[in-house]
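*Asks:*
Number of protein chains: 2
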Amino acid sequence: MLGPQEKNCPITHYRKSQNIVQDKRIWVTYKEGVYDITDFVIEHPGGDQILLAAGSSVEPFWMLYAVHNNPHVLQQLEALRIGNLSKQDSQHSLENMSDPYSSDPPRHAVLKPASVKPFNAETPPFLLVEQFITPNELFYVRNHLPVPQIDPETYELEVEVEGSNKTVLLTLDDLKKFPKHTITATIMCAGNRRSEMTKEKPVKGLNWGPAAVGNATWAGVRLRDVLKKSGINEDDKKWKHVQFEGVDFDPTGKTYGASIPFWKAIDKRGDVILAYEMNGSPIPRDHGFPIRVIVPGVVGARNVKWLGKITVSENESDSHWQQNDYKGFSPSTNWDTVDFSKSPAIQELPVISAICTPSANEVVKVQDGHILVKDLGYAWSGGGQKIVRVDVTVDGGNTWHIADLDCQDAAEPPQHWSWTLWSARIPIRSGIRNVEIWAKAVDSCYNTQPETFRNIWNLRGVLNNAYHRVPIKTQ
Amino acid sequence: MLGPQEKNCPITHYRKSQNIVQDKRIWVTYKEGVYDITDFVIEHPGGDQILLAAGSSVEPFWMLYAVHNNPHVLQQLEALRIGNLSKQDSQHSLENMSDPYSSDPPRHAVLKPASVKPFNAETPPFLLVEQFITPNELFYVRNHLPVPQIDPETYELEVEVEGSNKTVLLTLDDLKKFPKHTITATIMCAGNRRSEMTKEKPVKGLNWGPAAVGNATWAGVRLRDVLKKSGINEDDKKWKHVQFEGVDFDPTGKTYGASIPFWKAIDKRGDVILAYEMNGSPIPRDHGFPIRVIVPGVVGARNVKWLGKITVSENESDSHWQQNDYKGFSPSTNWDTVDFSKSPAIQELPVISAICTPSANEVVKVQDGHILVKDLGYAWSGGGQKIVRVDVTVDGGNTWHIADLDCQDAAEPPQHWSWTLWSARIPIRSGIRNVEIWAKAVDSCYNTQPETFRNIWNLRGVLNNAYHRVPIKTQ
Chain R
1 MLGPQEKNCP ITHYRKSQNI VQDKRIWVTY KEGVYDITDF VIEHPGGDQI
51 LLAAGSSVEP FWMLYAVHNN PHVLQQLEAL RIGNLSKQDS QHSLENMSDP
101 YSSDPPRHAV LKPASVKPFN AETPPFLLVE QFITPNELFY VRNHLPVPQI
151 DPETYELEVE VEGSNKTVLL TLDDLKKFPK HTITATIMCA GNRRSEMTKE
201 KPVKGLNWGP AAVGNATWAG VRLRDVLKKS GINEDDKKWK HVQFEGVDFD
251 PTGKTYGASI PFWKAIDKRG DVILAYEMNG SPIPRDHGFP IRVIVPGVVG
301 ARNVKWLGKI TVSENESDSH WQQNDYKGFS PSTNWDTVDF SKSPAIQELP
351 VISAICTPSA NEVVKVQDGH ILVKDLGYAW SGGGQKIVRV DVTVDGGNTW
401 HIADLDCQDA AEPPQHWSWT LWSARIPIRS GIRNVEIWAK AVDSCYNTQP
451 ETFRNIWNLR GVLNNAYHRV PIKTQ
Chain H
1 MLGPQEKNCP ITHYRKSQNI VQDKRIWVTY KEGVYDITDF VIEHPGGDQI
51 LLAAGSSVEP FWMLYAVHNN PHVLQQLEAL RIGNLSKQDS QHSLENMSDP
101 YSSDPPRHAV LKPASVKPFN AETPPFLLVE QFITPNELFY VRNHLPVPQI
151 DPETYELEVE VEGSNKTVLL TLDDLKKFPK HTITATIMCA GNRRSEMTKE
201 KPVKGLNWGP AAVGNATWAG VRLRDVLKKS GINEDDKKWK HVQFEGVDFD
251 PTGKTYGASI PFWKAIDKRG DVILAYEMNG SPIPRDHGFP IRVIVPGVVG
301 ARNVKWLGKI TVSENESDSH WQQNDYKGFS PSTNWDTVDF SKSPAIQELP
351 VISAICTPSA NEVVKVQDGH ILVKDLGYAW SGGGQKIVRV DVTVDGGNTW
401 HIADLDCQDA AEPPQHWSWT LWSARIPIRS GIRNVEIWAK AVDSCYNTQP
451 ETFRNIWNLR GVLNNAYHRV PIKTQ
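Same order as they appear, the protein sequences are chains R and H.
If you're matching positions, the first sequence starts at 1 in UniProt numbering and goes up one per residue.
If you're matching positions, the second sequence starts at 1 in UniProt numbering and goes up one per residue.
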């Protein structure tokens, strides 16, 4: 942890009356204020990312993570003020700084942002389940940083085998010479449906509804083929992980990073591809142009966009997002007791389902004693498992109705990568006006969803796969 | 469905007054009685297995499935009586019939039988979690039929490739010439913990406690090696299943059978072996001597004992146990509505845990405000997933305590085949005398257990992986 002087910060006035051991405290500046954030680091929703700003202004970071621009955050910060910068220094601090998001691509107006800078937005739920393949412009966007501008003519992907001096550079043309491989796969954010968990008890993270998920057809080259061409022996027990780095970077120059287990990267049935097409078009900028690694069955965070580098390694990625984010914890683990090193990084996601229409409190017509809900929801399970059943109840589980699995592709587990769209015709007792629809899915391992958020609550609000419960009114 | 006359049954007196269309009704005999079971078939706990006795005596079958020897069954049968055999015929029917179980092996007295003929028994729970490797004589036994007597000198395993005229015969010596492969793997019965589900609402099946499971070190030859040697190309998309037949057979000569998906059988990481050793000894007779196929991560029912034949096929096994048993259903599916063809055969099992000590209503000492329970339970997940956490609560989920994972092997998913043994030190509020311990496990896909049996109840009482809840008394 750095004190301000080690980063040569222009702090001129601080509250000397506080008994501060300078080189063990952590300061940041914001406009003219100087703040001691030492005791706040542990509570910071973004984890120790905050240390990137140690000894300097938080403003370049707040331009990256615009979630900070709200009164609550400023209030919290103000409580930590220990002094002020000179007028000259505070004016200086943002000179020549332009909005790093100014070159982000245009987006479809229908996407519902959870944050604008970086851009994170989901599909309106009723649109999500209208089609088995989610159109590119409606596909949810989860960006951690500004969208990089990449010239496909000069783009190069670096492939490194750790410990060797071997580095292979591949242009887009080089990549396209490998056999083309096409898969249809669902990608889901670990925080999908977080807005339900946070109602149980607040969690930190983007307030996603049930639509931080989409299903697309991806085409590209098998990672397996590229690795083998790079001299990797698939049976070499030395290799444990394959790391990915995007070319998107934060103000310190740190790129987005993640890794997946080596077996998944090299497995014949793993279907990991370096995708250059999404639904038949070049991958849009928001989704990783020109190359996104698609790791089917695995949490979105490992499907690294704007791929710049692949490293075959004995170790996991040391990135923040692999080590100190995207992990699950016990409901009783809080920010005082959490130890990120004790939980494994999320890879394959558990079984989940969601009701997309009707929405909460919508009025639904009863006909012949039933409500008929078409395109009701989706269900999916990670690890290539297939949905074998979706059960729906409107009486708190006294009776369960088996949903119709309307759209499901023919792939068998463990290579069933797509979601399943389902609908249901549900009997309603006459006279009942308020009902709550619950849904739960069962996958081909016969894993099913936990009943409540209460017992799976975790401080980061990930893995939100409890029964989906939607109250509606009937008429 | 056969009427009695088609099987040449010696029925002489039947109640002619009933308006019976003979060739569409199904009759059986028991001692001197003749019974019309047509309408009972659908309710028969053992499914259409009952049809094996159509037109003949049920007695040879009841000697096989001794669960029938109870007053309740006789009472049900009596209600179906339509006539009597002549004295001569009824004396004749069991002539020369000896007990098919008379040559079953001796068993350890500590095993707790769920049924004696066939022999099905589990380990006392407190003994189960004392050791990471379950000793052979304490390992739960799940037999569907009498234990066959096999001479290892003359034993031959048949390997057939469907549609070819190729059949390979392998002696035990032939098999042992393949490279020896050793794995440590947990095997669990699909009905493990059924006694808890049946309390919710009765289910059909053996009344297993939490100990129809064990963990052993198995050694043998890789099925993959045998298949490749038999001319199977692992990339041939034609093959979908590998079928197994035991040499144990019922009175009609039908052998026990099951199948697994081809990918699992041929996969490098599948670790399916034809085991001839269990914990360093030749496999005991109760566990499949001389060869049992071990399919790690997959339900016990597919780990076929006394293996006689392997068939590489486009189709699943057509055996009763693959098609009409060992499948999961919705809680609202009953014996009137069940359609076994609509559910997939259970293969990889979902995540589960169980508390083995203390037992229900045991008195546990509180020390320093805590109960300390060593060797408390096990947790396991199918499909090679690893247990990453076990949570325990004694206040209905208000606070969860993270259990210590005491014994866990180092294998990584998707090849983590062994269970995890865990213990916990749990704070108890002073003055509280009656508490209920709940346990739930989380696996490496972050799948977790469902909370209650109510919402996973199924008519066969399989997949009993709801939270384990054990009431205890403290002092």
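Cβ atoms here follow ideal geometry from the backbone N, Cα and C, with glycine treated the same way.
Following a CB-centred definition, is A121(R) positioned closer than 6 Å to any heavy atom of the ligand SAH?
*Replies:* Looking at this structure, you won't find the ligand SAH or any other ligand, since it has none at all.
*Asks:* If you follow the alpha helix (DSSP H) that I266(R) is in, where does it begin and where does it stop?
*Replies:* In the first sequence, counting from the first residue as 1, residue 266(R) sits at position 266. Start and end: F262 to I266.
*Asks:* Determine the direct distance from the alpha carbon of H68(R) to that of W62(R), and round the result to whole angstroms.
*Replies:* Indexing the first sequence from 1 puts residue 62(R) at position 62. Indexing the first sequence from 1 puts residue 68(R) at position 68. W62(R) and H68(R): Cα-Cα distance of roughly 6 Å.
*Asks:* Hey, A121(H) and V141(H) are a contact pair by Cβ (cut 8 Å); roughly how many whole angstroms apart?
*Replies:* As a first step, residue 121(H) must be located in the second sequence, where it is residue number 121. As a first step, residue 141(H) must be located in the second sequence, where it is residue number 141. About 5 Å; that satisfies the 8 Å criterion.
*Asks:* Identify whether N136(R) lies in helix, strand or coil by the three-state DSSP scheme.
*Replies:* Numbered from its first residue, the first sequence carries residue 136(R) at position 136. Three-state DSSP puts N136(R) in a helix.
*Asks:* From the beta carbon of N233(H), is the nearest beta carbon of chain R less than 7 Å away?
*Replies:* Against the second sequence, residue 233(H) aligns to sequence position 233. Closer than 7 Å: no.
*Asks:* Kindly indicate which three-state DSSP category S112(R) falls into: helix, strand or coil?
*Replies:* The residue given as residue 112(R) occupies position 112 in the first sequence. Rather than Ser, the amino acid found at residue 112(R) in this sequence is Lys. Strand.
*Asks:* So which residues on chain R does E330(H) lean against when the C-beta distance must stay under 9 Å?
*Replies:* Residue 330(H) sits at position 330 when you count from the first residue of the second sequence. Residue identity differs from the one stated: residue 330(H) is Ser in this sequence, not Glu. Those within 9 Å of S330(H) in chain R are R389, D391, W400, H401, I402 and V442.
*Asks:* Between E245(R) and K309(R), is the Cβ-Cβ spacing less than 7 Å?
*Replies:* Sequence index remark: in the first sequence, residue 245(R) carries index 245 (1-based). Sequence index remark: in the first sequence, residue 309(R) carries index 309 (1-based). A contact, by the Cβ cut-off of 7 Å.
*Asks:* Report the residue from A216(H), F132(H) and T198(H) whose alpha carbon sits nearest the alpha carbon of E277(H).
*Replies:* In the second sequence, residue 277(H) corresponds to position 277, counting from 1. The candidate whose alpha carbon is nearest that of E277(H) is A216(H).
*Asks:* Compare the C-beta of Y155(H) against all C-beta atoms of chain R and say whether one is closer than 7 Å.
*Replies:* Taking the second sequence and counting its residues from 1, one reaches residue 155(H) at position 155. Output row for Y155(H): interface = no.
*Asks:* Look at the alpha carbon of I456(H) and the alpha carbon of P179(R), and state the distance between them as a whole number of angstroms.
*Replies:* Locating residue 456(H) in the second sequence gives position 456, where the first residue counts as 1. Locating residue 179(R) in the first sequence gives position 179, where the first residue counts as 1. Answer to the nearest angstrom: the Cα atoms are 45 Å apart.
*Asks:* Of all the residues that make up the stretch 188-206 of chain R, which are near chain H by a beta-carbon distance shorter than 7 Å?
*Replies:* So the list is empty, because no residue satisfies the distance condition.
*Asks:* Pull up the distance between the alpha-carbon of N70(R) and that of I37(R), whole angstroms please.
*Replies:* As a working mapping, residue 70(R) is identified with position 70 in the first sequence. As a working mapping, residue 37(R) is identified with position 37 in the first sequence. Approximately 18 Å between the Cα atoms of the pair.
*Asks:* Please confirm whether V203(R) and G384(R) have their CB atoms less than 7 Å apart.
*Replies:* As a working mapping, residue 203(R) is identified with position 203 in the first sequence. As a working mapping, residue 384(R) is identified with position 384 in the first sequence. Against a cut-off of 7 Å, the Cβ pair of G384(R) and V203(R) comes out as no contact.
*Asks:* Within this structure, are the beta carbons of E160(H) and T171(H) separated by less than 7 Å?
*Replies:* The count along the second sequence starts at 1 and reaches residue 160(H) at position 160. The count along the second sequence starts at 1 and reaches residue 171(H) at position 171. The answer is no: Cβ separation not under 7 Å.
*Asks:* Taking a cut of 7 Å between CB atoms, which residues from the stretch 456-470 of chain R lie near chain H?
*Replies:* Against chain H - using a Cβ distance shorter than 7 Å - the residues of the stretch 456-470 of chain R are I456 and L463.
*Asks:* Can you find a C-beta in chain R that's less than 7 Å from the C-beta of N447(H)?
*Replies:* If you number the second sequence from 1, residue 447(H) lands on position 447. Cβ-Cβ to chain R under 7 Å: yes for N447(H).
*Asks:* Please classify K201(H) as buried or exposed, where buried requires at least 16 neighbouring CB atoms within 10 angstroms.
*Replies:* Residue numbering aside, residue 201(H) sits at position 201 when the second sequence is read from its first letter. Flag for K201(H) reads exposed.
*Asks:* Distance, Cα to Cα, A403(R) vs P414(H)?
*Replies:* Translated into positions along the first sequence, residue 403(R) becomes position 403. Translated into positions along the second sequence, residue 414(H) becomes position 414. Cα-Cα distance, rounded: 31 Å.
*Asks:* Name, in chain order, the residues that DSSP records as bridge partners for residue 476(H).
*Replies:* Residue 476(H) lies beyond the stretch modelled for chain H, which goes from 1 to 475, so this question has no answer here.
*Asks:* Distance cutoff 7 Å, beta carbons only. Does P350(H) sit that close to anything in chain R?
*Replies:* Indexing the second sequence from 1 puts residue 350(H) at position 350. Closer than 7 Å to some Cβ of chain R, the Cβ of P350(H) qualifies, so yes.
*Asks:* Buried or exposed for W321(H), going by 16 or more other Cβ atoms inside 10 Å?
*Replies:* Locating residue 321(H) in the second sequence gives position 321, counting from the first residue. Classification for W321(H): buried.
*Asks:* Could you say which of S86(H), E137(H) and G297(H) lies nearest to Y30(H) if we only look at CA atoms?
*Replies:* Looking up residue 30(H) in the second sequence gives position 30. Here the closest residue by C-alpha is S86(H).
*Asks:* Could you tell me which uninterrupted beta strand (DSSP E) segments, each at least 3 residues in length, are contained entirely in the UniProt domain "Cytochrome b5 heme-binding" (13-86) of chain H, listed from first to last along the chain?
*Replies:* 27-30, 33-36 and 81-84, all fully within the UniProt domain "Cytochrome b5 heme-binding" (13-86) of chain H.
*Asks:* Between L52(R) and V28(R), what straight-line distance do the alpha-carbon atoms span, to the nearest angstrom?
*Replies:* Residue numbering aside, residue 52(R) sits at position 52 when the first sequence is read from its first letter. Residue numbering aside, residue 28(R) sits at position 28 when the first sequence is read from its first letter. For L52(R) and V28(R), the distance between alpha carbons rounds to 10 Å.
*Asks:* Could you check which residue in V58(R), Q88(R), P471(R) and R81(R) has the C-alpha nearest to that of T357(R)?
*Replies:* Within the first sequence, numbered from 1, the residue matching residue 357(R) stands at position 357. Considering only alpha carbons, the answer is P471(R).
*Asks:* Please tell me whether P152(H) has its Cβ less than 7 Å away from any Cβ of chain R.
*Replies:* As a working mapping, residue 152(H) is identified with position 152 in the second sequence. Not one chain R Cβ lies under 7 Å of P152(H).
*Asks:* Counting only beta-carbon separations shorter than 7 Å, does E451(R) have a partner in chain H?
*Replies:* Translated into the one-based positions of the first sequence, residue 451(R) becomes position 451. It does; some Cβ of chain H falls within 7 Å.
*Asks:* In chain R, what lies closer than 8 Å to P344(H) by C-beta?
*Replies:* By one-based count along the second sequence, residue 344(H) stands at place 344. In chain order: V388 and S444.
*Asks:* Among T123(H), L274(H) and D104(H), which residue has its Cα nearest to the Cα of K117(H)?
*Replies:* One-based indexing of the second sequence puts residue 117(H) at position 117. Of the candidates T123(H), L274(H) and D104(H), the one whose C-alpha sits nearest the C-alpha of K117(H) is D104(H).
*Asks:* In three-state DSSP terms, what is L169(H)?
*Replies:* For the purposes of this step, residue 169(H) is taken as the residue at position 169 of the second sequence. Three-state DSSP puts L169(H) in a strand.
*Asks:* With 7 Å as the threshold, decide whether the Cβ of G369(R) is near any Cβ in chain H.
*Replies:* Translated into positions along the first sequence, residue 369(R) becomes position 369. It does not: the Cβ of G369(R) has no partner Cβ on chain H nearer than 7 Å.
*Asks:* Can you give the Cα-Cα distance for V435(H) and H44(R), rounded to whole angstroms?
*Replies:* Here residue 435(H) corresponds to residue number 435 of the second sequence, with the count starting at 1. Here residue 44(R) corresponds to residue number 44 of the first sequence, with the count starting at 1. Taking the straight line joining both Cα atoms gives about 37 Å.
*Asks:* Starting from the beta carbon of R454(H), find every residue of chain R whose beta carbon is closer than 8 Å, and list them in chain order.
*Replies:* Along the second sequence, one-based indexing puts residue 454(H) at 454. Result: G397.
*Asks:* At a Cβ threshold of 7 Å, is V21(H) touching chain R?
*Replies:* For the purposes of this step, residue 21(H) is identified with residue 21 of the second sequence, where counting begins at 1. Below a pLDDT of 50, predicted positions are generally treated as unreliable, and V21(H), at 39, falls in that range; no measurement from the model is reported.
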